[in-house]
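To keep things clear, I will list the structure first and then write my remarks on it.
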Amino acid sequence: MAENNAYKLKLFQDETARGLARLYEAGYLPNDRMGEVSLRDAESGLVFISIKPGTFYIADPSEYHGSDIAVATLDGEPVTTVTPPNERLALHLAVYKARPDVHAILHTYPVWSSLFSERGESVPYVLAEQIEASTAVECVTAEPSMDEAYFDEVIRHLKQEKYVLLHNFGSLAVGDNMDNAFNYLAWMESVTRKITLASMIGELHTIG
Numbered sequence: 166m167a168e169n170n171a172y173k174l175k176l177f178q179d180e181t182a183r184g185l186a187r188l189y190e191a192g193y194l195p196n197d198r199m200g201e202v203s204l205r206d207a208e209s210g211l212v213f214i215s216i217k218p219g220t221f222y223i224a225d226p227s228e229y230h231g232s233d234i235a236v237a238t239l240d241g242e243p244v245t246t247v248t249p250p251n252e253r254l255a256l257h258l259a260v261y262k263a264r265p266d267v268h269a270i271l272h273t274y275p276v277w278s279s280l281f282s283e284r285g286e287s288v289p290y291v292l293a294e295q296i297e298a299s300t301a302v303e304c305v306t307a308e309p310s311m312d313e314a315y316f317d318e319v320i321r322h323l324k325q326e327k328y329v330l331l332h333n334f335g336s337l338a339v340g341d342n343m344d345n346a347f348n349y350l351a352w353m354e355s356v357t358r359k360i361t362l363a364s365m366i367g368e369l370h371t372i373g
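Residue numbers for the sequence shown, in my numbering: 166 to 373.
Below, the structure is given as structure tokens:
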């Protein structure tokens with residue numbers, strides 16, 4: 166049984182490291198100090214998250230291995246001792262507790278979405294694909310902090326959506342697994358890019 170638990174831990178750690186590498190290689194993660202990745206195991210409730218930046222010398226996030234990933238309980242108690250969790254673990258835990266359907270969280274600073282988050286603006290309904298996907302991406306305008314009041318604002322704006330913008334703090338993409346969260350992030354980057362470019366041509370006309 167202990168061997169099975171150790172194997173399962175390694176699988177989740179490896180998957181979290183893969184998520185970091187994929188985000189970095191796609192250009193959605195500038196460096197390991199500007200964003201983090203986490204996964205939750207639905208069975209055990211354990212949370213796997215990228216470690217506190219600076220713990221090890223890593224040239225870029227694609228070099229992380231599964232053994233570099235921190236593990237904690239849903240209450241924030243550390244399971245791994247050598248690898249301390251990222252300082253933003255509490256934000257991830259708050260989202261997991263509020264959204265039982267979420268098992269992956271990507272906190273990143275993608276270029277096109279950040280054009281909206283830095284202005285404190287939600288993403289307007291402009292494209293037909295947004296309506297078809299039933300998306301309503303809002304922006305949390307409160308100044309970022311690691312306290313319960315801020316977490317409540319994030320959860321309130323996220324609602325049951327898969328994406329939320331954070332003023333001066335990037336964005337959160339959530340999903341039932343790492344790849345679905347990543348794909349939604351990539352789609353939102355496409356949407357915000359199209360809207361931004363369209364605004365350069367002329368006046369935007371919202372739908373609905």
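The beta carbon of each residue, even a glycine, is placed where N, CA and C say it ideally should be. Every value quoted in this text rests on a predicted model; they were computed, and no experiment measured them.
Assigned secondary structure, residue i (DSSP; H/G/I helix, E/B strand, else coil)
i	result
serine 364	helix
valine 356	helix
alanine 167	Model confidence at alanine 167 stands at a pLDDT of 46, short of 50, so the residue's coordinates are unreliable and nothing is read from them.
leucine 330	strand
glutamate 283	coil
proline 250	strand
proline 289	coil
valine 319	helix
leucine 337	strand
valine 305	strand
proline 243	strand
tyrosine 312	Rather than tyrosine, the amino acid found at residue 312 in this sequence is aspartate. Looking at aspartate 312 - three-state DSSP - the assignment turns out to be coil, as it is neither helix nor strand.
glutamine 325	coil
tyrosine 172	helix
arginine 187	helix
tyrosine 193	coil
histidine 230	coil
leucine 369	coil
Pair within 7 Å by beta-carbon distance, residue i and residue j
i	j	result
tryptophan 277	glutamate 354	yes
valine 356	alanine 346	no
histidine 268	serine 203	no
proline 226	leucine 176	no
threonine 361	tyrosine 290	no
alanine 263	isoleucine 320	yes
phenylalanine 316	alanine 351	no
Top-ranked residue by Cα proximity to residue i, from the options
i	options	result
histidine 272	Asn196, Ala307, Asp312	Asn196
valine 247	Ala237, Asp341, Leu256	Ala237
glycine 241	Ser279, Val212, Ser232, Ala263	Val212
methionine 199	Leu337, Lys324, Ser299	Leu337
tyrosine 189	Tyr274, Pro265, Glu297, Ala298	Tyr274
histidine 332	Ala298, Leu292, Leu280, Asp344	Leu280
tyrosine 229	Asn170, Thr181, Glu297	Thr181
Counterpart residues of residue i in DSSP-defined beta bridges
i	result
serine 203	Ile214, Ile270
alanine 235	Ile214
Practice task
Would you check if there are 3 or more beta carbon pairs closer than 8 Å linking the stretch 202-219 to the stretch 351-366?
Solution key: no
Handout entry: Inter-stretch contact at 8 Å, needing at least 3 Cβ pairs: the stretch 296-304 / the stretch 244-253
Key = no
Practice task
Flag this pair as touching only if the stretch 308-317 and the stretch 282-290 have three or more C-beta atom pairs under 8 Å; answer yes or no.
Solution key: no
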